[in-house]
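Residue numbers (our numbering): 48 to 185.
In what follows, a structure is listed as structure tokens, so that the remarks can point back to it.
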């Protein structure tokens, strides 16, 4: 496993790549693309992502791969952890505004993710006793 400084540097590189660029299905800037980029940066080899042009095509691709939801897909790729044990660079799942839940990257008490009404990635301060549905070690 990478040490915390390596995790920070690799996570910062991924966040910098997506920051300031708005969410876009056609531009390959979604939380699914973000999660895949983070996995690759941390040394994982996730499967190739199909060409997603809309929420409908993403849903179809997810079902074709044998998963009912993003949570099942991430469970197949990464070990699940308790959200309270997340390190910098780990992934978590939060309730999303659209047809999918939102995948976010942990950055020490906060997370980076796409938030409705904002351009690019945003720092999100989790609110509530259980803001994350699940988390995975990357």
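All residues carry an ideal CB built from backbone N, CA and C; glycine is no exception.
Query, Result
"Inside the stretch 69-134 only - alpha helix (DSSP H) runs reaching at least 4 residues", "78-88, 102-111, 117-124"
"Beta-carbon spacing of residue 168, residue 85 below 9 Å", "no"
"Minimum C-alpha distance to residue 101 - residue among 49, 147, 54, 95", "147"
"Selected residue, minimal CA-CA separation from residue 156, among 150, 114, 133", "133"
"Length of the line joining the Cα atoms of residue 81 and residue 61", "8 Å"
"Among 76, 49, 179, nearest to residue 105 - alpha-carbon criterion", "76"
"Limits of the alpha helix (DSSP H) - the one that residue 51 falls within", "51-65"
"Whole-Å CB distance - residue 144 paired with residue 163, under 8 Å assumed", "4 Å"
"Cβ neighbour criterion (16 or more within 10 Å) applied to residue 48", "exposed"
"Spatial distance of residue 68 from residue 166 (CA atoms)", "6 Å"
"Span of the beta strand (DSSP E) around residue 160", "158-161"
"Distance between residue 88 and residue 51 (C-alpha atoms, nearest Å)", "14 Å"
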